[in-house]
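Residue numbers (the working numbering), protein chains in the order written: chain A, 5 to 114; chain B, 6 to 257.
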């Protein structure tokens, strides 16, 4: 590999300083077939949305996994607080599940 | 009816473009600047290898009972390869690799579109499958050329250097002689008249979006289509053919 602009070992391009691996992170969602929803499959690093879409195509749909792709800049994902997991999610209330109803005979399987 | 030898020669020109480019791109696997690009370059290399295999397998049917895609790929010497000199050029940096790829893709899309109308069903079928791959390759290489050209000062400088270094090998892509002429007169190949214009439109539009320009130097190196290559093919072939030449007929 030849480079026209010599760099010191481990020198960081100042224009890219502060971003991991030089490029920002994007979350990838793939729709496996028409009628299904897009499902999160992983992430890619890319310079912009178009490049991220192409990287996602190359990395996550090599074996005909999908018919449609979304990419979303990871910085736009807002997540719940991991430390609040117990308060938010572990308070299971069985009566919220629709299991306390008698299903009339004539309905059969639902 | 055209001489089968003419179709054979034409198929070598098409197949060798893809075979040699696949080898060049394969050299980059594990060396690309990003993991995503590493997978992408392998995808593109394998697309070109698949196209080469389809074309050379068909060509081998005209080259005698002992010929196969493997003998054509692995047992010919430098002067017998008929690829355009562009595809044998070294990868250089990422800008040079993408400049070479843009020029190949901008050529292959209209070339395969025309070839898909061939009256030879095998040729038309191969081209119809290949054009879908070529369209994606073009979308990818165009995007990179624009991103790098309209990126940082350094990426712009490297992308322009890549364009400057590769442009002089582009005319060889369009070289035709009595081979294509005979096949066209026999009704086997369609006219290739519009390919150059489409290529020029594609390239100038992509370069404009990337704030890049073609070099002013009008020099063009041709000769690959008749076996006269640049020094680089002679170094590529031993690397590509070493395993087969050391273990003829090996399979796994």
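Beta carbons are placed, not taken as given, at the ideal position from N, Cα and C, and that holds for glycine.
Computed from a prediction, not measured in an experiment: that's the story for all the values here.
Going by beta carbon distance, what residues of the same chain come within less than 7 Å of residue i, once the five residues before and after it are set aside?
i	result
residue 97 (chain B)	167 and 170
residue 64 (chain B)	13, 16, 17, 20 and 77
residue 57 (chain A)	73 and 75
residue 100 (chain B)	153, 163, 164, 166 and 167
residue 71 (chain B)	none
residue 95 (chain B)	237
Which same chain residues, not among the five before or five after residue i, have their C-beta less than 8 Å away from its C-beta?
i	result
residue 192 (chain B)	124
residue 41 (chain A)	35
Residue i and residue j: beta carbons closer than 8 Å?
i	j	result
residue 46 (chain B)	residue 30 (chain B)	yes
residue 91 (chain B)	residue 109 (chain B)	yes
residue 153 (chain B)	residue 103 (chain B)	yes
residue 203 (chain B)	residue 115 (chain B)	yes
residue 238 (chain B)	residue 138 (chain B)	no
residue 23 (chain B)	residue 66 (chain A)	no
residue 74 (chain B)	residue 61 (chain B)	yes
residue 48 (chain A)	residue 30 (chain A)	yes
residue 247 (chain B)	residue 8 (chain B)	no
residue 146 (chain B)	residue 107 (chain B)	yes
Run through DSSP, which three-state label would residue i get?
i	result
residue 251 (chain B)	helix
residue 27 (chain B)	helix
residue 4 (chain A)	Residue 4 (chain A) is absent from the structure shown; chain A starts at 5 and stops at 114.
residue 103 (chain A)	coil
residue 105 (chain B)	helix
residue 29 (chain A)	strand
residue 44 (chain A)	strand
residue 63 (chain A)	helix
residue 49 (chain B)	helix
residue 77 (chain A)	strand
residue 34 (chain B)	coil
residue 35 (chain A)	strand
residue 84 (chain A)	coil
residue 24 (chain A)	Note that residue 24 (chain A) scores a pLDDT of 49, beneath 50, so its modelled location is shaky; the value from the coordinates is reported in the next line. Helix at residue 24 (chain A).
residue 72 (chain A)	strand
residue 257 (chain B)	coil
residue 237 (chain B)	coil
residue 160 (chain B)	helix
residue 40 (chain B)	helix
residue 131 (chain B)	helix
Determine the direct distance from the alpha carbon of residue j to that of residue i, and round the result to whole angstroms.
i	j	result
residue 96 (chain A)	residue 40 (chain B)	41 Å
residue 128 (chain B)	residue 194 (chain B)	9 Å
residue 105 (chain B)	residue 28 (chain B)	14 Å
residue 201 (chain B)	residue 207 (chain B)	10 Å
residue 227 (chain B)	residue 46 (chain A)	45 Å
residue 252 (chain B)	residue 10 (chain B)	29 Å
residue 24 (chain A)	residue 196 (chain B)	Annotation note: pLDDT 49 at residue 24 (chain A) (below 50); position unreliable, no value reported.
residue 215 (chain B)	residue 221 (chain B)	17 Å
residue 59 (chain A)	residue 50 (chain A)	7 Å
residue 255 (chain B)	residue 87 (chain A)	59 Å
residue 106 (chain A)	residue 93 (chain A)	28 Å
residue 80 (chain B)	residue 164 (chain B)	36 Å
residue 140 (chain B)	residue 175 (chain B)	19 Å
residue 250 (chain B)	residue 241 (chain B)	14 Å
residue 149 (chain B)	residue 33 (chain B)	16 Å
residue 82 (chain B)	residue 219 (chain B)	33 Å
residue 83 (chain A)	residue 91 (chain A)	15 Å
residue 22 (chain A)	residue 84 (chain B)	Confidence at residue 22 (chain A) is low in this model, with a pLDDT of 48, below 50, so its placement is unreliable and no value can be given for it.
residue 68 (chain B)	residue 78 (chain A)	55 Å
residue 109 (chain A)	residue 81 (chain A)	46 Å
residue 143 (chain B)	residue 210 (chain B)	13 Å
residue 53 (chain B)	residue 38 (chain B)	21 Å
residue 243 (chain B)	residue 38 (chain A)	48 Å
residue 55 (chain A)	residue 68 (chain A)	20 Å
residue 102 (chain A)	residue 55 (chain B)	54 Å
residue 35 (chain B)	residue 133 (chain B)	31 Å
residue 158 (chain B)	residue 126 (chain B)	49 Å
residue 98 (chain A)	residue 104 (chain A)	9 Å
residue 5 (chain A)	residue 213 (chain B)	Any reading at residue 5 (chain A) must be qualified, since the residue scores a pLDDT of 42, below 50, and its modelled position is unreliable; the value itself is stated next. Those two C-alpha atoms are separated by around 27 Å.
residue 122 (chain B)	residue 233 (chain B)	30 Å
residue 205 (chain B)	residue 151 (chain B)	16 Å
What does residue i touch in chain E if you count any residue whose Cβ is under 7 Å from its own?
i	result
residue 80 (chain A)	The chain labelled as chain E is not found among the protein chains of the depicted structure, namely A and B.
In chain order, what residues of the same chain have a beta carbon less than 6 Å from the beta carbon of residue i, not counting five sequence neighbours either side?
i	result
residue 1 (chain A)	With chain A represented from 5 up to 114, any question about residue 1 (chain A) goes unanswered, as that position is not in the structure.
residue 100 (chain A)	none
residue 231 (chain B)	none
residue 173 (chain B)	224, 225 and 226
residue 245 (chain B)	28
residue 235 (chain B)	90
Our contact map puts residue i next to residue j with C-beta atoms below 8 Å; I'd like the distance itself, whole angstroms only.
i	j	result
residue 136 (chain B)	residue 117 (chain B)	4 Å
residue 27 (chain A)	residue 74 (chain A)	With a Cβ gap of about 18 Å, residue 27 (chain A) and residue 74 (chain A) do not count as contacting.
residue 177 (chain B)	residue 229 (chain B)	5 Å
residue 44 (chain B)	residue 62 (chain A)	5 Å
Taking 7 Å as the cut-off, does the CB of residue i come closer than this to any heavy atom belonging to the ligand MG?
i	result
residue 144 (chain B)	Absent from the structure shown: the ligand MG. Ligands present: none.
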